[in-house]
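**Q** Everything in the sequence shown is counted per UniProt numbering, starting at 1 for the first residue and increasing by one.
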Amino acid sequence: MKEINFSLWCDFLERDFINSNFTQLIQNSVINGVTSNPSIFKNAICSSKAYSELKDKFRKKDPKKLYEILATNDIKMAATKLLGNYARGDDGFVSIEIDPNLILTSDIVEEGKRLYNTIKMPNVMIKIPAISSGFEAMSELMKKGINVNATLIFSNSQAKECLEAFKEGTKKYSKRFPQTTLPQGVISVFVSRFDRLLDDRLEDRAKFGIYNATSIYSQIQNANQSNVRTLFASTGVKDGSLPADYYIKELLYPNSINTAPLDTIKAFIASGDFRAKALPSDDEISKFMANAKVLGIDYNRVCSELLDDGLEAFVTAFDEILASLS
Numbered sequence: 001m002k003e004i005n006f007s008l009w010c011d012f013l014e015r016d017f018i019n020s021n022f023t024q025l026i027q028n029s030v031i032n033g034v035t036s037n038p039s040i041f042k043n044a045i046c047s048s049k050a051y052s053e054l055k056d057k058f059r060k061k062d063p064k065k066l067y068e069i070l071a072t073n074d075i076k077m078a079a080t081k082l083l084g085n086y087a088r089g090d091d092g093f094v095s096i097e098i099d100p101n102l103i104l105t106s107d108i109v110e111e112g113k114r115l116y117n118t119i120k121m122p123n124v125m126i127k128i129p130a131i132s133s134g135f136e137a138m139s140e141l142m143k144k145g146i147n148v149n150a151t152l153i154f155s156n157s158q159a160k161e162c163l164e165a166f167k168e169g170t171k172k173y174s175k176r177f178p179q180t181t182l183p184q185g186v187i188s189v190f191v192s193r194f195d196r197l198l199d200d201r202l203e204d205r206a207k208f209g210i211y212n213a214t215s216i217y218s219q220i221q222n223a224n225q226s227n228v229r230t231l232f233a234s235t236g237v238k239d240g241s242l243p244a245d246y247y248i249k250e251l252l253y254p255n256s257i258n259t260a261p262l263d264t265i266k267a268f269i270a271s272g273d274f275r276a277k278a279l280p281s282d283d284e285i286s287k288f289m290a291n292a293k294v295l296g297i298d299y300n301r302v303c304s305e306l307l308d309d310g311l312e313a314f315v316t317a318f319d320e321i322l323a324s325l326s
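1. Scan the region 100-166 and note each continuous beta strand (DSSP E) run of 3 residues or more that stays entirely inside, going in chain order.
2. Locate the alpha helix (DSSP H) running through Gly-310, then write down its first and last residues.
3. Alpha helix (DSSP H) containing Ile-31: first to last residue?
4. Can the beta-carbon of Phe-232 be found less than 7 angstroms from the beta-carbon of Ala-206?
5. Using 8 angstroms as the cut-off, can you tell me whether the region 223-238 makes contact with the region 287-299, which would need three or more C-beta pairs spanning the two stretches below that distance?
6. Buried or exposed: which applies to Arg-88, given that a residue is buried once 16 or more other Cβ atoms fall within 10 Å of its Cβ?
7. Only counting the same chain, and skipping five residues up and downstream in sequence, which positions put a Cβ closer than 6 angstroms to that of Ser-139?
8. Who are the Cβ neighbours of Leu-198 in its own chain at under 8 angstroms, not counting the five residues just before and after it?
9. Pull up the DSSP beta-bridge partners for Ala-10, would you.
10. Contact between the region 246-258 and the region 307-314 is defined here as three or more beta-carbon pairs at a separation below 8 angstroms; is this criterion met?
11. Taking the Cβ atom as the reference point for each residue, do Asn-5 and Asn-227 lie within a distance shorter than 7 angstroms?
12. Would you call Lys-127 buried or exposed, if buried means 16 or more other Cβ atoms sit within 10 Å of its Cβ?
13. Per the DSSP calculation, Leu-231 is bridged to which residue(s)?
14. Out of Ile-31, Leu-102 and Asn-117, point me to the one whose CA is closest to Asn-73's CA.
15. Within this structure, are the beta carbons of Phe-274 and Met-1 separated by less than 7 angstroms?
16. Just the Cα atoms here: how many angstroms apart are Lys-277 and Ile-210?
17. Check whether the Cβ atoms of Ile-75 and Ile-96 lie closer than 7 angstroms to each other.
18. Which residue marks the beginning of the alpha helix (DSSP H) containing Val-294, and which one marks its end?
19. Let me know if Pro-178 comes out buried or exposed under the rule of 16 or more other beta-carbons within 10 Å of its beta-carbon.
20. Between the alpha carbons of Ala-313 and Asn-21, how many angstroms are there, rounded?
21. Return yes when the Cβ of Val-191 is within less than 7 angstroms of the Cβ of Asp-151, no when it is not.
22. Which runs of the beta strand (DSSP E) spanning at least 3 residues fall entirely within the region 76-100, listed in chain order?
23. Can the beta-carbon of Ala-78 be found less than 7 angstroms from the beta-carbon of Val-148?
24. When the Cα atoms are used, what is the spatial distance from Asp-62 to Asp-263?
25. Within this structure, are the beta carbons of Gly-145 and Pro-100 separated by less than 7 angstroms?
26. So, for Ile-119: in the same chain, excluding its five sequence neighbours on each side, which residues have a beta-carbon less than 6 angstroms away from its beta-carbon?
27. Pull up the distance between the alpha-carbon of Ser-29 and that of Asp-90, whole angstroms please.
28. Among the residues of its own chain, which have a CB less than 7 angstroms from the CB of Ala-137, if the five just before and after it don't count?
29. For Leu-66, which three-state DSSP category applies?
30. Using a 10 Å radius around the Cβ and a threshold of 16 neighbouring Cβ atoms, would you call Thr-230 buried or exposed?
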């Protein structure tokens with residue numbers, strides 16, 4: 001997969017996992033990056049006994065401060081294990097999301113800088129939702145030399161805004177620090193959520209997410225920004241009639257990243273089939289989307305609905321973490 005610059009990142013993080021299977025997956029060159037979000041940390045912190053000692057040690061801390069101690073500890077441990085990959089130019093990035101309650105405020109940039117400076121690892125990415133306040137924050141963080149993961153991308157228009165933000169931030173960084181390594185950006189395009197929402201209304205199942213993601217991927221590729229890549233997210237399969245690794249194989253494109261749950265990664269590796277996928281043609285995608293429109297599917301409305309659902313889910317998960325730590 002290296003010959004086409006395709007990367008596989010793990011969409012899971014938990015203390016015991018970092019100290020066991022995570023290391024093996026890196027050493028065996030199965031994964032070369034990892035992502036996290038409030039939902040992932042909720043499942044880890046609220047259900048794993050691995051955090052009991054730190055919870056007890058810092059039990060008098062404010063819940064958000066305690067959460068950050070637990071989360072940044074995990075991120076730093078994972079980043080340390082991936083530092084060799086980063087040094088070789090083989091990705092090695094770890095993403096951490098800002099407090100989703102701050103996404104509509106002017107505090108996003110300071111929050112991102114604070115998290116990055118707390119972890120103090122060069123291979124950390126600050127995850128920012130792709131909304132109006134987030135685009136400005138992406139540019140500002142990139143200007144500071146901070147790697148950015150733009151998340152919750154569902155539409156071409158969101159991707160366009162991310163590309164412009166990354167371009168502006170990179171330009172300002174390069175002006176301040178010429179001939180240095182550029183901060184890296186990924187544009188996380190969500191895939192399977194479209195199909196879970198729309199498949200009952202379409203004749204061709206499990207295709208809408210693929211075609212939409214492909215269209216956005218082509219837009220990002222055509223932008224020719226050397227420090228920006230497409231990351232396909234939400235690639236776990238919820239429909240048992242599909243192969244577990246369906247969304248990895250259907251989107252195995254050059255110069256892309258796929259971040260997937262552990263079971264999805266295991267199924268992909270076990271299949272032994274790592275062939276690059278040919279992109280569907282623009283004409284094929286256009287015809288499919290036109291047919292979806294005839295069937296009453298409003299693309300912009302669907303994207304907006306999925307974005308709102310994603311934002312709400314992260315806020316809910318984050319608030320539940322804080323409640324459990326109170």
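Think of the CB as a built atom: it goes at the ideal place given N, C-alpha and C, for glycine as much as any other residue. Every value quoted in this text rests on a predicted model; they were computed, and no experiment measured them.
**A** So, to answer that:
1. 124-129 and 147-153
2. Residue 310 sits at position 310 when you count from the first residue of the sequence shown. 299-325 is the span of the alpha helix (DSSP H), which, as asked, contains Gly-310.
3. Taking the sequence shown and counting its residues from 1, one reaches residue 31 at position 31. Looking at the DSSP string, Ile-31 is not in any alpha helix (DSSP H), and its letter there is neither H nor E.
4. What you label residue 232 is simply residue 232 of the sequence shown in a count that begins at 1. What you label residue 206 is simply residue 206 of the sequence shown in a count that begins at 1. It is not a contact, given that the beta carbons lie outside the stated cut-off.
5. no
6. The sequence position of residue 88 within the sequence shown is 88, counting from 1. The residue in question, Arg-88, is exposed, as its Cβ has fewer than 16 Cβ neighbours within 10 Å.
7. As a position in the sequence shown, residue 139 is number 139, starting the count at 1. Ala-165, Glu-168 and Gly-169, listed in sequence order.
8. Translated into positions along the sequence shown, residue 198 becomes position 198. So the list reads Phe-208, Ala-292, Ile-297 and Val-302, once near-sequence residues are dropped.
9. Against the sequence shown, residue 10 aligns to sequence position 10. It should be noted that the sequence gives Cys, not Ala, for residue 10. Answer is Val-34 and Ala-260, bridged to Cys-10.
10. no
11. Here the question's residue 5 lines up with position 5 in the sequence shown. Here the question's residue 227 lines up with position 227 in the sequence shown. Contact: no.
12. Taking the first residue of the sequence shown as position 1, residue 127 is located at position 127. Buried, because 16 or more other Cβ atoms sit within 10 Å of the Cβ of Lys-127.
13. Reading the sequence shown from its first residue, position 231 is the one you call residue 231. DSSP, once it has assigned bridges, lists Ser-188 and Ile-257 as partnering Leu-231.
14. The sequence position of residue 73 within the sequence shown is 73, counting from 1. The candidate whose alpha carbon is nearest that of Asn-73 is Asn-117.
15. If you number the sequence shown from 1, residue 274 lands on position 274. If you number the sequence shown from 1, residue 1 lands on position 1. Yes.
16. Walking along the sequence shown from the start, residue 277 turns up at place 277. Walking along the sequence shown from the start, residue 210 turns up at place 210. Cα to Cα, the separation comes out at about 12 angstroms.
17. Locating residue 75 in the sequence shown gives position 75, counting from the first residue. Locating residue 96 in the sequence shown gives position 96, counting from the first residue. Cβ distance < 7 angstroms, so Ile-75 and Ile-96 count as in contact.
18. For the purposes of this step, residue 294 is taken as the residue at position 294 of the sequence shown. Run containing Val-294: 282-294, per the alpha helix (DSSP H) assignment.
19. The sequence position of residue 178 within the sequence shown is 178, counting from 1. Exposed is the call here.
20. Walking along the sequence shown from the start, residue 313 turns up at place 313. Walking along the sequence shown from the start, residue 21 turns up at place 21. Going from the Cα of Ala-313 to the Cα of Asn-21 covers about 28 angstroms.
21. The residue labelled residue 151 in the question sits at position 151 within the sequence shown. The residue labelled residue 191 in the question sits at position 191 within the sequence shown. The residue you asked about is not Asp; residue 151 is Thr in the sequence shown. No; because the gap between Cβ atoms is not below 7 angstroms, this pair is not in contact.
22. 93-97
23. Start at 1 with the first residue of the sequence shown, and residue 78 comes out as number 78. Start at 1 with the first residue of the sequence shown, and residue 148 comes out as number 148. Against a cut-off of 7 angstroms, the Cβ pair of Val-148 and Ala-78 comes out as no contact.
24. Here residue 62 refers to the residue found at position 62 of the sequence shown. Here residue 263 refers to the residue found at position 263 of the sequence shown. C-alpha separation (whole angstroms): 35 angstroms.
25. Position 145 of the sequence shown, counted from the start, is the residue given in the question as residue 145. Position 100 of the sequence shown, counted from the start, is the residue given in the question as residue 100. Their beta carbons are not under 7 angstroms apart, which means Gly-145 does not touch Pro-100 by this criterion.
26. Your numbering for residue 119 matches position 119 in the sequence shown. Same-chain partners within the cutoff: Thr-72, Ile-75 and Lys-76.
27. By one-based count along the sequence shown, residue 29 stands at place 29. By one-based count along the sequence shown, residue 90 stands at place 90. Each residue's Cα considered, the two are about 10 angstroms apart.
28. As a working note, residue 137 is residue 137 in the sequence shown. Excluding positions up to five away in sequence, the list reads Ile-108, Val-109, Gly-112 and Ile-128.
29. Your numbering for residue 66 matches position 66 in the sequence shown. Note: Leu-66 maps to helix in three-state DSSP.
30. Position 230 of the sequence shown, counting from 1, holds the residue named residue 230. So Thr-230 counts as buried.
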